[in-house]
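Sequential numbering of the sequence shown, starting at 0, is according to numbering that gives the first Met the number 0. Note that CB positions come from ideal geometry on N, CA and C, so glycine has one too.
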Amino acid sequence: MSGRGLTGGSRDPDTLRAENAAAPDIPRLWSRVGELFIPYRRHLILTAILVLASSALTVVPPLIVQRIFDHALFPTDAAGAVLAPRMGLLTELVFLMIAIFLGAAGLGIWQTWLTSSVGNRVTGDLRVRLFERLQRMELAFFTRTKTGVIQSRLQNDVGGVAGVLTTFVSSIVGNTATVIASLIAMIVLDWRLTLLAVVLMPGLVVAQRRVGLVRQRIAARTQESLSEMTSITQETLSVSGILLSKVYNRQRLESQRYSDENRTQIRLQVQQAMSGQWFFGLVTVIMSSVPAVIYLAAGWLLTEGDGADAAITAGTVVAFTTIQARLLFPLMALMRVALEVQTSRALFARIFEYLDLQPAIADAPDARTIADAPGPLGQIEFRDVSFRYPDSPPDMPATLDGISFVAKPGQTHAFVGPSGAGKTTVVYLAARLHEVSGGAVLFAGEDVRKLSQESVVEHIGVVTQETYLFHATIAENLRYAKPDATMEELERACRAANIHDAIVGFADGYDTVVGERGYRLSGGEKQRIAIARVLLKDPPVLLLDEATSALDTVSERVVQQALDAAAKGRTTLVVAHRLSTIADADVIHVVEGGRIVESGTHDELLKAGGAFARLAAGQLT
Ligand code: ADP
């Protein structure tokens, strides 16, 4: 039996606290985020080169400005007297500047295309990996996790990190490069003014970290609340949900529930938007005031300093303040990215947690296919099987205990007994939708745990009480079982399932759209389509959960005929609700409290006068 993996067996993903998700192993987390980019490393290197080139380009124009001022517009002679402008040099410098702007713009566009395509592909990969991982999870995972919560991880959490993934690389590389290039240019121009301009920076970095922590906490709570809202929407606005809320007059209450959560969401969103605004405001004020302080300092240097030290030209002051003003943008951007990255930590943790989920049922490394199994195809054996649901309390008796039987190829074994006795669980174990807790289920003489899941599923057909049809045409729903089935095959299966005549009676025949928003089929029609679907698949083993009790007598008879046709020539395990339908079963097992209390044919059991006879007497009255 495979372990429950990193997340631990008893931990319910549904109730997992965001606080836990917010405190993961941080370096490991970021190295995993980095790994996501590995397939795109060539793009990334190119991006980095482009970004570095365009950042370097941004500091050149202010340096040209300095030359324009000091050498072209206001050239001075050796004595310091201002001469007439040098038009030739001026024109050259101006054209050079425009060319640089054009070049930088072109590089910027190329780089945006690169980063957005890499970022979106990484996001897309993450979404697909999550989807695939979730699909591999065992049935029990879905019974204990709200659908909305799962959807929320796929949509809200992955959506939440998409921004970081797309801006991450270019923003960090680009802005860091711009900041460094600007600082170097500033030092080259005048180191004293540079010192003055950066004196407040360390304070800002400390403040930024504090803001980041607050935002991270808010982000985790926002995602939780989003997930809750998705759950409410999912539960209430589905066909069954809306039906329930309408007939119980719960709409006002549901709206209330939604609007309460919505209010939390609004509060959190506003909090998130506002947290750090004072900080950004402060940064803007400081950075915008620096030029004014620089003028003051330049004035002071010119008047107070002695000869050589005071050699500060108008061009230098203009160039310096231009570069310094340009510093504001990349610095702010870097701080925002740092904040976003900090904020996204919780989301990445939630996403990786789902990616790390280990399916409780997985193929053994040396899993075999049924073709290699020693026994006859279609034989199912339960050998002293016990089972308890993973999340059932330890003091509860096991759901199944000591279940043993052998269904030979072609036989029909029926399971009867009171509701909750464990009949459905037996059938689900045969399909390995759950893993046994003790004993073994053997398929064609081989323990199902040693067989590949794919090959087991390939040999099994399942018809459950609740028939699920996709929002698609009847033909498409049928072809789910056999994508390349011809129209003749579809019709043959539908005739055998007693549903062909009904289908051709619909306006669009086999092209009638059914499912959630499609044509509403009756319960009996849906079941017969499900039976036709199984017939198309044509598996040697059939697992049936009869829903005939929910049907009227006419539909029941029609469905029963279809089921009988389907069972012919196949090993069939059937959960029976009406004893009349299983008179011909090869073996009937009476299940009570998770144990088989009696087994035999219909007649044998009636004669024995035990549990079955009592059940039969009960149904006759
Ligand atoms: P039957 O088909 O005979 O009506 P089931 O096999 O559906 O009975 O259920 C057997 C027992 O297992 C019941 O007590 C039921 O409450 C419990 N059970 C069914 N599904 C789950 C589940 N996903 N988690 C925990 N307990 C479950």
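- The way I'd put it, the region 378-389 does touch the region 433-449; three or more beta-carbon pairs between them come closer than 8 Å.
- The beta carbon of D390 sits closer than 7 Å to at least one heavy atom of ligand 1.
- Looking from the CA of A471, the closest CA among Q341, L520, Q222, L182 belongs to L520.
- The region 92-107 and the region 128-135 do not touch, with fewer than three beta-carbon pairs separated by less than 8 Å.
- Just so you know, the alpha carbons of L605 and L243 end up roughly 41 Å apart.
- Rounded to the nearest angstrom, the gap between the Cα atoms of Q154 and G419 is 36 Å.
- Distance from the C-beta of G211 to the nearest heavy atom of ligand 1 is not below 7 Å.
- Beyond the five residues adjoining it in sequence on each side, V81 comes within less than 7 Å, by CB distance, of F73, T75 in the same chain, given in chain order.
- Contact between V589 and A610 holds: CB atoms are separated by about 5 Å, below the 8 Å threshold.
- Within the region 557-604, the complete beta strand (DSSP E) runs of at least 3 residues fall at 570-574, 586-591, 594-599.
- Beta bridge pairing from DSSP links D446 with L441.
- The C-alpha of P60 lies about 18 Å from the C-alpha of L49.
- Within the model, the alpha-carbon separation for A575 versus L614 is close to 12 Å.
- Taking all protein chains shown into account, S579 has fewer than 16 neighbouring C-beta atoms within 10 Å of its C-beta and is therefore exposed.
- Taking C-alpha positions only, G416 is separated from L125 by approximately 46 Å.
- Those residues placing their Cβ nearer than 5 Å to any heavy atom of ligand 1 are, following chain order, T142, Y388, T398, S418, G419, A420, G421, K422, T423, T424.
- For L468, no beta strand (DSSP E) segment is defined, and its DSSP state is neither H nor E.
- Around the beta carbon of K422, a 10 Å sphere encloses 16 or more other beta carbons of the protein chains shown; the residue is thus reported as buried.
- Rounded to the nearest angstrom, the Cβ distance from A318 to Q65 is 4 Å, consistent with a contact under 8 Å.
- Taken atom to atom, the span from the alpha-carbon of D365 to that of P358 is near 17 Å.
- In chain order, I369, A430, R431, F442, V447 place their CB closer than 8 Å to the CB of V455, counting only its own chain and leaving out the 5 sequence neighbours on each side.
- By the neighbour-count definition (other C-beta atoms within 10 Å, threshold 16), I217 is a buried residue.
- Looking at V157, S116, T165, the one whose alpha-carbon comes closest to that of Q222 is V157.
- The closest CA to that of I183, considering only L477, T146, L62, is found on L62.
- For G79, the secondary structure class from DSSP, reduced to helix, strand or coil, is coil.
- Shortest Cα-Cα distance from R494 to any of I528, T398, L113, S116 involves I528.
- For L399, the enclosing beta strand (DSSP E) stretches over residues 399-406.
- A direct Cα-to-Cα measurement between R532 and H412 gives close to 22 Å.
- The beta-bridge partner set that DSSP reports for Y518 consists of V513.
- DSSP, read as helix, strand or coil, puts V435 in coil.
- Here M185 really is in contact with A196; their C-beta atoms are around 7 Å apart, less than 8 Å.
- Within the DSSP secondary-structure output, A372 pairs in no beta bridge.
- H42 sits away from V160, with the two beta carbons spaced by 8 Å or more.
- Inter-residue distance for R214 and L338 is about 8 Å (C-alpha atoms, whole angstroms).
- Contact check for P373 against E465 fails: the beta carbons are separated by 8 Å or more.
- Within its own chain, the residues whose Cβ lies closer than 8 Å to the Cβ of E545, once the five positions on either side in sequence are excluded, are Q464, L562, V573, V574, A575, H576, R577, T580, listed in chain order.
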